Structures are given as structure tokens and as C-alpha cells.
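Here the protein sequences come in this chain order: Y and Z.
Note that my numbering has the first sequence beginning at 462, numbered continuously upward.
Note that my numbering has the second sequence beginning at 462, numbered continuously upward.
There are 2 protein chains.
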Amino acid sequence: MNELQKLYDRIIQRVNINLRELDFDAEPYSSGLIVPEQMSKFYAFYGITTGHPLSLRFQNSGLAGSYFLGKCQVSNSLLYKSDIRGDELKRAGDSFTFQGHKITMSKDETVDISDSALVKTLVHNYSHDPETTEVFFIRDTLAMDYANIHGAPTDGAFIGPFATVDLTTVRDCVIGTYCYIQASEISHMRIAPGTLWVHSPGNFNFYYRHDLALLRNYISVVPGDLPHGYLIDFIEEHEDAFQRLFDAVNLETMVSVPKTASLDRYAVVLPKTKIADNVLVAQRAYLSNSTLGKGANAQENCYIINSTLEGCNVTAHGAKIIEADLESGVFVGFNSFLKGKPKARIHVGKDCVVMPHTIIDSDAPLRIPEAHLVWGLIRDSDDLRENSISLEELQKQKKGFSKGRLHFEGNGKLFVLTFKIRIHHILQANGAFYDGRKYMGHAQRNQRLSLNTIQPFQFGEMEGLYPNISIEL
Amino acid sequence: MNELQKLYDRIIQRVNINLRELDFDAEPYSSGLIVPEQMSKFYAFYGITTGHPLSLRFQNSGLAGSYFLGKCQVSNSLLYKSDIRGDELKRAGDSFTFQGHKITMSKDETVDISDSALVKTLVHNYSHDPETTEVFFIRDTLAMDYANIHGAPTDGAFIGPFATVDLTTVRDCVIGTYCYIQASEISHMRIAPGTLWVHSPGNFNFYYRHDLALLRNYISVVPGDLPHGYLIDFIEEHEDAFQRLFDAVNLETMVSVPKTASLDRYAVVLPKTKIADNVLVAQRAYLSNSTLGKGANAQENCYIINSTLEGCNVTAHGAKIIEADLESGVFVGFNSFLKGKPKARIHVGKDCVVMPHTIIDSDAPLRIPEAHLVWGLIRDSDDLRENSISLEELQKQKKGFSKGRLHFEGNGKLFVLTFKIRIHHILQANGAFYDGRKYMGHAQRNQRLSLNTIQPFQFGEMEGLYPNISIEL
């Protein structure tokens with residue numbers, strides 16, 4: 462058995478030890494997930510920019526096809542086509558406020574991944590854990606395809622396919638397929654597939670659970686098998702276009718991009734796509750025959766096809782927008798799937814919030830009025846009525862309400878306000894408001910990003926693992 | 462002024478301080494030699510193999526287009542398209558014999574390049590300096606195009622274009638254009654262009670100087686200008702073919718190669734080339750319409766065009782063989798130029814030794830009888846008569862002789878013996894004698910070589926320099 466297989470076994474064992482009380486076995490999920498032969502096929506790459514401190518340390522790890530930016534260290538881990546984006550990590554001197562306490566950073570924050578296996582996983586944002594503000598740790602964790610670990614340190618976790626942990630410290634938890642969890646801190650929990658849970662203790666609690674019988678059509682996984690469903694099929698149908706990006710050392714870009722926008726070298730941009738000022742297109746985004754208006758963005762693993770985004774639109778990590786028209790200010794959350802059709806386009810009004818992990822899949826045209834919040838699974842106008850609320854109406858809620866499969870408790874106004882502040886922050890961080898002088902963000906800074914590659918051993922006991930590499934400015 | 466330019470100025474200043482007594486100014490040679498804009502254009506690459514310890518450390522350096530193998534460290538230096546081949550460095554436990562003393566290595570030898578600029582320079586072999594057996598140092602040195610630093614630690618040196626220092630420790634010396642120096646240890650010397658000097662103190666002394674008026678047609682450099690001459694033109698005519706090798710991540714090979722031979726991924730091999738067993742073709746070699754027989758090799762910067770090499774032929778670093786037929790066992794030394802023409806082919810008999818830095822350029826066919834030593838500039842059969850001697854005749858020389866521009870002193874037998882042992886050693890190291898079990902060498906080991914790339918900063922003050930990178934097993 463080569464070193465890579467031994468390492469993988471050890472990681473799964475560590476995950477299982479952490480999750481032993483939850484009566485959960487990660488092992489059947491792990492088989493076929495990291496394939497040793499695939500691990501030596503792909504190079505890894507890292508960005509160099511003037512905007513972020515450069516410090517990368519890789520030790521006894523496999524990194525196939527993964528991307529790194531900023532300050533990261535990876536040890537005894539296997540990453541497959543994952544993105545470790547350290548461009549929002551805290552910097553020495555920055556301060557972080559928690560319950561009125563202002564904590565000042567004595568050093569730059571680091572993403573520290575150890576004893577973990579991440580598959581097609583996105584790691585972004587910064588540690589929101591007030592106990593470890595300078596280390597965004599990911600330890601003893603197995604994350605499956607298209608998981609998002611967003612500002613969420615983890616220590617002992619299984620994160621199922623297309624699941625998102627957001628601004629939440631996770632200790633010894635199982636996060637089911639397609640769950641979205643934003644809950645500050647969770648430990649020793651086993652969260653059922655399809656759960657959408659946004660919890661701000663003392664303020665509000667938003668809880669929805671997808672109907673598993675329906676969710677299964679889109680994404681599910683059974684132990685011993687790989688994830689399957691329409692989300693997987695959709696991604697596989699489009700993956701050929703990415704091959705070209707990885708085969709050439711230098712690429713010609715296929716569309717012209719304004720000076721204030723940035724288009725990553727590892728994004729697929731197919732003809733008839735228009736990109737306006739202040740647009741950010743991240744690596745592994747896929748754009749085809751679409752228009753991105755001023756300040757719109759397309760994050761990692763997004764697909765925007767035959768659609769128009771009017772401007773200041775956030776397309777969060779893993780969101781897919783097909784045959785849809787989005788007015789300005791629309792937010793589409795993590796791993797949402799707006800599955801319009803040529804004769805059943807989806808129209809989303811101004812300033813709408815499409816909650817993370819929302820699936821819209823209607824056979825008739827669907828129109829979401831402006832300033833609405835939508836969630837869950839929406840297959841027709843009845844579903845839409847049940848799974849939406851105007852932001853105005855929501856703000857009036859003082860104690861809570863139930864609507865379909867949604868249970869909301871707490872202060873609606875605070876919920877809306879929290880969301881609006883966050884959307885504004887995301888747009889600002891991405892450079893959507895850049896005026897040529899002020900409000901510079903990722904879109905402008907990333908123009909000065911160069912992408913460098915590193916490669917694994919091609920043979921021997923270490924095949925598929927990388928040499929120990931450290932890269933510093 | 463950016464950091465790269467500052468670094469280059471500092472290197473040139475250090476070289477000049479070392480050479481101050483020799484009334485030499487490196488500055489006029491340096492301008493246009495390292496071009497900052499070119500330094501950010503090319504990636505560097507390094508080999509990973511099971512055969513050599515991997516340890517690379519790069520600090521505050523530019524490495525554009527350069528290649529590294531084995532244990533190397535580079536600091537405060539600029540390398541442009543240079544090859545640092547550490548596959549013959551001594552290993553911990555190896556021993557090195559000097560004047561009857563057996564010195565055992567306590568650690569693996571390292572190539573240590575600091576405060577130096579190397580342009581298209583080859584660094585190979587190991588430190589022959591008994592004072593520093595574990596460090597092959599290159600310090601305060603400027604080496605110009607196609608210089609060879611072969612088993613020759615340097616400390617304070619200017620090495621002109623196409624000059625070779627071989628098995629010689631060099632301290633504070635100027636080595637002129639197209640010089641070949643093999644002299645154990647030299648210091649505070651200024652060696653005139655075109656000097657061919659092989660000196661084994663107390664044993665023999667071989668001294669030839671090219672006629673500068675004639676050499677100038679092939680290679681010369683005047684202060685303030687870049688090197689020019691037919692050697693430079695020849696290389697430029699062939700350089701397009703290399704572009705393809707650097708543009709693609711994965712390449713299809715154009716010829717089939719036996720299992721016992723190895724063809725570097727960065728070698729150009731054009732059609733109708735045949736490669737037999739135990740052949741080694743190094744990076745930056747160029748082969749076209751030629752046959753390389755069993756155990757032949759083509760080192761870095763070699764060109765073999767419309768030629769046949771019968772077998773066990775050494776084509777040393779930078780040697781060019783055009784329209785020639787070489788019988789078995791022929792050795793062609795560093796930077797030699799066998800410039801045959803379709804109607805004036807060059808035939809070299811069995812076991813001949815073409816001395817390093819020999820130019821053969823005749824307008825009529827030329828036939829070198831077997832077991833002869835040839836040197837210098839040969840343009841016709843008269844020149845050949847003057848610039849050759851049979852090995853048998855040479856072995857009879859007890860005290861010395863002069864022949865044309867050659868002055869030989871000492872023991873001819875020892876000279877021939879030393880050369881024969883060395884040629885045998887080179888063939889053995891390269892795997893020419895591999896029998897499927899014993900005598901494995903570079904040709905067999907390099908089959909399991911993977912080549913990885915690293916890249917420079919693309920913008921900002923550090924443009925063209927590389928991040929500080931360390932890579933270890």
C-alpha cells in the first residue's frame with residue numbers, strides 16, 4: 462500500500478474517532494471519493510498578488526487540482542480539486558468584535574488544514590471563532606463534493622456533498638447532504654440531509670428541511686456509493702470545458718473584460734458573455750451566453766448560463782443560474798440551483814434574497830416579485846407562494862411564524878437586517894462599488910494575480926503526494 | 462528601480478570587486494544580458510526522481526527558464542535558462558580520493574549558488590575541490606551564454622560566452638570567450654579568449670590558443686554588445702522548435718524510445734531520428750534526422766542534425782554535430798562544433814577524441830582516422846594534419862612537443878589514459894553499459910523523472926523574481 466492510501470485510511474480513522482458518539486461511520490462514504498490514480502494526475506496552483514501575504518506550507522499531503530491563495534498550511538491531508546481562498550483572512554492589526562469585545566490580531570490569520578480530506582470543497586472567508594481568531598483550522602474532517610467551509614473552523618467533522626457550514630465553528634458533527642448551517646457554534650450534532658438552519662442565538666432561528674423524497678432527484682448519497690442526482694449530472698455535462706484551461710501554460714481569453722473587472726484564468730467563459738465594470742469571476746466559474754452587469758459576481762463553482770444579471774448581484778459559491786433574469790441587487794446563496802428552461806425562464810425581482818440551498822425547477826415561467834426572500838424547493842407558483850415572503854412582511858414578524866416546511870422564530874427585522882448587511886459586505890469585498898479610487902475589492906485586486914503551479918510525485922511510494930513545499934514572499 | 466535590477470547591479474558590483482586587480486570591468490558585458498522583462502516570462506522547472514535526494518531552496522532570486530535537479534540552493538542570484546544538474550553530486554557516505562587521502566562525505570553535497578548571474582549556463586558534475594567536498598559553490602560569478610561550470614566551484618569569476626571551466630576551482634579569474642580550462646585550481650588569472658588548457662600539475666600540460674581573427678567568425682563579444690558570430694546565429698535559427706515544449710502542460714512524444722533509453726521532455730526530437738538502447742537525451746538537446754546508436758548520449762545544449770552516431774558516443778554539453786558520421790566510442794567535447802555540410806560530411810573514426818572547443822568547418826569532405834585526438838580549428842585537410850595526432854603517437858611522448866598552435870608538455874601516455882578513464886566514466890554514469898541488471902545510469906534512472914514548474918512574480922517591485930521557495934522530500 463502506498464503512502465497516499467495509508468494517509469487516507471488514517472484520516473478516515475481520525476474522523477471516525479471524533480464522530481464515535483454519533484453512531485456514524487465515514488468509511489463507506491470515503492471509498493471511491495479520493496482515488497489514488499487521480500491524485501497524481503493534476504497539478505495544484507496558487508495565486509500570487511500584491512494584496513495578500515504569501516505563505517504556503519505543504520507537508521505530507523496530496524493537493525491534486527487544488528487552488529491556494531494567501532496564508533495556508535496543509536499537513537497530513539488530501540485535497541482534491543478544492544479551493545482554499547485566503548483572501549479574506551484577518552491581518553495583523555485588524556480587529557474582530559465579539560459580544561462587544563474588540564480583539565486585535567497580533568499576527569496574520571492562517572488557514573490550517575490537518576489530518577483532513579477535502580473533495581471539491583471550497584474554503585473561504587475567515588475564522589469567526591472568537592477563541593481562535595488567528596487560526597482558521599480544519600482538522601480531522603472529511604468534506605465531500607462541493608461542500609463549502611465558509612468562515613467555519615472544523616475539528617472532527619463529516620460534511621456531506623453540497624453541504625455548507627457558514628460562520629460556524631463545528632466540533633464533532635455530521636452535516637448531511639445539502640445542509641446549510643449557519644449557527645455560530647455547534648458540537649456533537651448529527652444534522653439530517655437537506656436541513657437549512659440559520660440560527661443567531663437570542664435573535665432569530667430559521668429552520669427548513671427539504672423533502673428528502675424530492676431532494677433525492679437533485680442530490681443524495683448512500684453509504685458505499687458516490688453522490689448522484691441531477692446536480693451531479695449537470696456538473697458532469699459541463700466539465701469538458703474546463704479541460705482546456707488546465708492543458709495550456711498560456712491561454713488566450715475569449716472575451717474582453719473592462720479594466721475594473723477580473724476574470725480568473727481558470728474560469729470557463731463561452732461566447733456571447735458580457736462582463737461589465739467591477740465584475741468578479743472566480744476560478745471554476747462557468748459562464749455561457751450571459752450578461753453580468755456592473756458589480757455582479759460569480760464565485761467558485763458557479764454556473765451562469767443563458768442568463769442576465771442586471772448588476773450588484775451576488776452569485777455565492779456553487780450557485781447555478783440557468784435561463785434566468787435577475788434584476789439588480791439579487792443575492793443567490795450557496796449551492797442554489799435556479800434551473801430555468803428556454804420556455805420556462807425564471808425572473809427574479811430587484812433586491813430579492815434567494816436563500817442558500819434553494820432549488821427552483823419549474824416547467825412554467827416563474828416570476829419572483831422584488832424584495833422577496835425565497836427558500837427551499839420551488840417547482841411551481843404554489844410552491845413559490847409557500848416558500849417566499851416579502852422582506853417587508855418578514856420585517857414585521859416579532860415572534861415567529863411557520864410557512865410550509867419553514868419554521869421561523871425570533872425577530873424578522875433583525876434577520877433581514879443581518880442579511881442586508883452581509884450582502885452589502887460581500888459586494889464591497891468583491892469590489893462591486895469601486896469608483897476608480899475608493900472601494901477597491903477582489904475584482905480590482907485580482908487583476909494583478911498570477912497563478913503558479915506545483916506538482917505531485919509521479920511514481921514510487923509517494924506517488925500522488927506532493928514534496929514538502931514552503932513558499933514565502 | 463525594481464528589486465531585480467537592484468539585485469543585478471549588486472551582483473555585477475560584487476563580481477567587479479572580486480576581479481579588481483585584473484583591471485577588468487564586467488559591467489559593459491552585463492548590459493542586455495539579463496533583461497528584466499524576460500525574467501518574468503519563463504517558468505523554472507525541477508526534476509523529481511527516485512534516484513536523487515530532493516532539496517531545493519530558492520531565496521531572493523530570479524530563475525527564468527532554468528532547470529534544477531537534486532540538491533541545490535540559490536540565493537541573491539539571477540539565473541536565465543540555466544541548467545543546474547545535481548545528479549552527479551556526492552552523497553553521504555561516498556568517498557573522494559585526493560592525493561591518496563580518502564575523504565568520506567558526512568552529508569549529501571549541495572550546489573550553492575549565491576550572488577551570481579548565470580545566463581544559459583550549464584552546471585553539472587560535483588565539486589572536485591578537496592577543501593569543500595560537500596559544497597559545490599558558485600559565488601560572485603557572472604557566466605555568459607552557454608558557459609559550462611563543470612565540477613568547478615567558483616568564487617569571484619567572469620566566464621565569457623561558450624567558455625568552460627572543468628574540474629577546476631576558480632578564484633577571482635576572468636575566463637575569456639570560448640576558453641576551455643581544466644587545471645585543478647586557478648586564482649587571480651585573466652585567461653585570453655580561445656584558450657584551450659588542460660593542466661595536471663606534474664603530469665601534463667596541453668595548451669592551445671585559437672587564432673582570434675578566425676574564432677571571431679564563430680563567437681566573440683565586445684564590451685557593451687551581446688555575443689555574436691556563427692555559433693549564436695546557428696542557435697537562434699533552431700530556437701523556435703523549443704517553444705512548443707514550453708507551451709504545453711502535457712506533450713506527445715514524436716519518436717519511440719526503447720525502455721532502457723531516456724528522452725527528456727524538454728528535448729527537441731524531430732522526425733527520422735532513431736534512438737537505440739541505453740541512449741540518454743538531456744533537456745535542451747536538439748535532434749533531427751539522426752541516429753543515436755546504443756549507449757550514445759546527447760547532453761544539454763547539444764545539436765545532432767543529419768548525423769549518425771554508431772554507439773557509445775559521448776556528445777558533451779553544448780557540442781554540435783551536423784552532417785557527420787561518428788563511429789563507435791567517439792567523444793566530442795564541450796561546445797565543439799562539427800559543422801559538416803551535405804556535400805562535405807565529416808567522418809570520425811572509432812575511439813577518436815574531439816577535444817572540447819574544437820571547430821571543424823571544411824568545405825570538402827573530411828575523414829578523421831580512428832583513434833586520433835583532434836583539437837582547435839580545422840577547416841581543411843592541412844589543418845587536420847596540424848591539429849591531430851594518433852593516440853598511439855601521443856602515448857609515446859615523454860617530454861612534450863609542439864604542433865601548430867599546440868604546445869604539449871609532460872607525459873602523453875598519462876594524458877591519453879586520463880581521457881580514456883574519464884570517457885569510460887561518463888558512459889558508465891549515463892547508463893551506456895546497462896545490461897538489464899547492472900550498470901544502471903542516468904539513461905535508465907531518468908525514465909522515472911517528473912518535471913515540475915515554479916513561477917516568478919508577474920508584477921510589482923518583485924516582478925521577475927521568485928517567491929522564496931523550499932522543496933524537500
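Virtual Cβ for every residue (Gly too), placed ideally from N, Cα, C.
These figures come from a predicted structure and were not determined experimentally.
inquiry  = If I measure Cβ to Cβ from Y:A805 and keep anything under 6 Å in the same chain, skipping five residues before and after, which residues do I get?
reply    = Only residues of its own chain outside the window of five on either side were considered, and among them S823, D824, A825 and P826 have a CB closer than 6 Å to the CB of Y:A805, listed in chain order.
query = Got a sec: which bits of the stretch 899 to 921 of chain Z sit with their beta carbon under 7 Å from any beta carbon on chain Y, in order along the chain?
reply = Under the 7 Å Cβ criterion, the stretch 899 to 921 of chain Z contributes R909, S911, N913, T914, I915, Q916, F918, Q919, F920 and G921.
task = Check distances from the C-beta atoms of the stretch 505 to 519 of chain Z to those of chain Y and list, in chain order, the residues that come in under 9 Å.
result = If the cut-off is 9 Å between Cβ atoms, the stretch 505 to 519 of chain Z has I509, T510, T511, L515 and L517 near chain Y.
query = In angstroms, rounded to a whole number, what distance separates the CA positions of Z:S723 and Y:R552?
reply = Near 49 Å, if we compare the C-alpha coordinates of Y:R552 and Z:S723.
ask   = What residue range is occupied by the uninterrupted beta strand (DSSP E) comprising Y:L579?
value = First-last of the beta strand (DSSP E) with Y:L579: A578 to V580.
request  = Check whether the stretch 645 to 660 of chain Z touches the stretch 507 to 517 of chain Z, taking contact to mean three or more Cβ pairs, one atom from each stretch, closer than 8 Å.
outcome  = The way I'd put it, the stretch 645 to 660 of chain Z doesn't touch the stretch 507 to 517 of chain Z; fewer than three beta-carbon pairs between them come closer than 8 Å.
Residue from Z:A728, Z:K857, Z:F792 and Z:Y727 whose Cα sits closest to the Cα of Z:H886 = The shortest C-alpha separation from Z:H886 is found at Z:F792.
ask   = Hey, would you say Y:Y641 sits closer than 7 Å to Y:P817, going by beta carbons?
value = For Y:Y641 and Y:P817, yes; Cβs fall inside 7 Å.
inquiry  = Short of 7 Å in beta carbon distance, which residues of its chain neighbour Z:E933, apart from the five on each side in sequence? Order them along the chain.
reply    = Within the same chain, Z:E933 has close Cβ partners L515 and S516.
contact_flag[the stretch 631 to 638 of chain Z, the stretch 696 to 707 of chain Z] where n(CB pairs < 8 Å) is 3 or more = Touching, no, given that fewer than three Cβ pairs across the two stretches are closer than 8 Å.
query = Hey, would you say Y:V740 sits closer than 7 Å to Y:A702, going by beta carbons?
reply = Cβ distance not < 7 Å, so Y:V740 and Y:A702 don't count as in contact.
ask   = When you compare each of Y:T571, Y:E570, Y:S491 and Y:K563 to Y:Y541 by their alpha carbons, which one comes out closest?
value = Closest by alpha carbon: Y:S491.
ask   = Does the beta carbon of Y:S645 come closer than 7 Å to any beta carbon on chain Z?
value = So, not an interface residue.
ask   = Is the Cβ-Cβ distance between Z:C773 and Z:S751 less than 7 Å?
value = No, they are not a contact pair.
inquiry  = Do Y:V877 and Y:L444 count as a contact pair if the criterion is CB distance below 7 Å?
reply    = Chain Y is shown from 462 up to 934; residue 444 of chain Y falls before or after that span and cannot be answered.
request  = Could you give the DSSP three-state label for Y:G873: helix, strand or coil?
outcome  = Y:G873 carries a helical assignment under DSSP once its states are collapsed to helix, strand and coil.
ask   = Z:V718 to Z:P830, Cα distance in whole Å?
value = The straight-line gap separating the alpha-carbon atoms of Z:V718 and Z:P830 is approximately 31 Å.
task = Kindly indicate which three-state DSSP category Z:S491 falls into: helix, strand or coil?
result = If DSSP states are grouped into helix, strand and coil, Z:S491 belongs with the helices.
request  = Tell me, please, whether the CB atom of Y:P497 is closer than 7 Å to any CB atom in chain C?
outcome  = No chain C appears in this structure, whose protein chains are Y and Z.
ask   = If you run the structure through DSSP and keep just helix, strand and coil, what is Y:S556?
value = Y:S556 falls in the strand class under three-state DSSP.
inquiry  = Considering only DSSP beta bridges, list what Y:V683 is partnered with.
reply    = Beta-bridge pairing links Y:V683 to no other residue.
Three or more C-beta pairs below 8 Å linking the stretch 883 to 901 of chain Z and the stretch 676 to 692 of chain Z = Touching, no, given that fewer than three Cβ pairs across the two stretches are closer than 8 Å.
task = Report whether the distance from the Cβ of Z:P803 to the nearest heavy atom of the ligand MN is below 6 Å.
result = The ligand MN is not part of this structure, which contains no ligands at all.
ask   = When we look at the beta-carbon of Y:I882 and count the other beta-carbons within 10 Å, is it buried (16 or more) or exposed?
value = Under this definition Y:I882 is an exposed residue.
request  = From the DSSP output, in three-state form, read off Y:N586 for me.
outcome  = In the structure shown, Y:N586 sits in coil (DSSP, three-state: anything other than H, G, I, E or B).
query = Taking three-plus beta-carbon pairs below 8 Å as touching, is the stretch 476 to 490 of chain Z in contact with the stretch 602 to 620 of chain Z?
reply = The stretch 476 to 490 of chain Z is in contact with the stretch 602 to 620 of chain Z.
query = Ordered along the chain, which non-local residues of its own chain (more than five positions away) have a Cβ less than 8 Å from that of Z:S556?
reply = K563, I564, T565 and M566.
ask   = So, is the C-beta of Y:I696 closer than 7 Å to a C-beta in chain Z?
value = Chain Z has no Cβ within less than 7 Å of the Cβ of Y:I696.
ask   = Is it buried or exposed for Z:E570, if we count other Cβ within 10 angstroms and need 16 for buried?
value = Buried, because 16 or more other Cβ atoms sit within 10 Å of the Cβ of Z:E570.
ask   = What's the C-alpha gap between Y:F485 and Z:C533?
value = Straight-line Cα distance between these residues: approximately 48 Å.
task = With DSSP collapsed to three states, give me the class of Y:F529.
result = In the structure shown, Y:F529 falls within a strand segment according to DSSP collapsed to helix, strand and coil.
Rounded C-alpha distance that separates Y:E847 from Y:G865 = Each residue's alpha carbon lies about 6 Å from the other.
ask   = Can you name the start and end residues of the beta strand (DSSP E) that Y:V596 belongs to?
value = First-last of the beta strand (DSSP E) with Y:V596: V596 to A604.
inquiry  = So Z:L465 contacts chain Y; which residues on that side make the cut at Cβ distance below 8 Å?
reply    = None at all; the shortest Cβ gap to chain Y is about 15 Å.
ask   = What are the complete beta strand (DSSP E) segments, minimum 3 residues, inside the stretch 733 to 797 of chain Y?
value = Runs of the beta strand (DSSP E) inside the stretch 733 to 797 of chain Y: 747 to 749, 764 to 766, 781 to 783 and 785 to 787.
ask   = What is the DSSP secondary structure of Z:K802, reduced to helix, strand or coil?
value = DSSP places Z:K802 in strand when its eight states are reduced to three.
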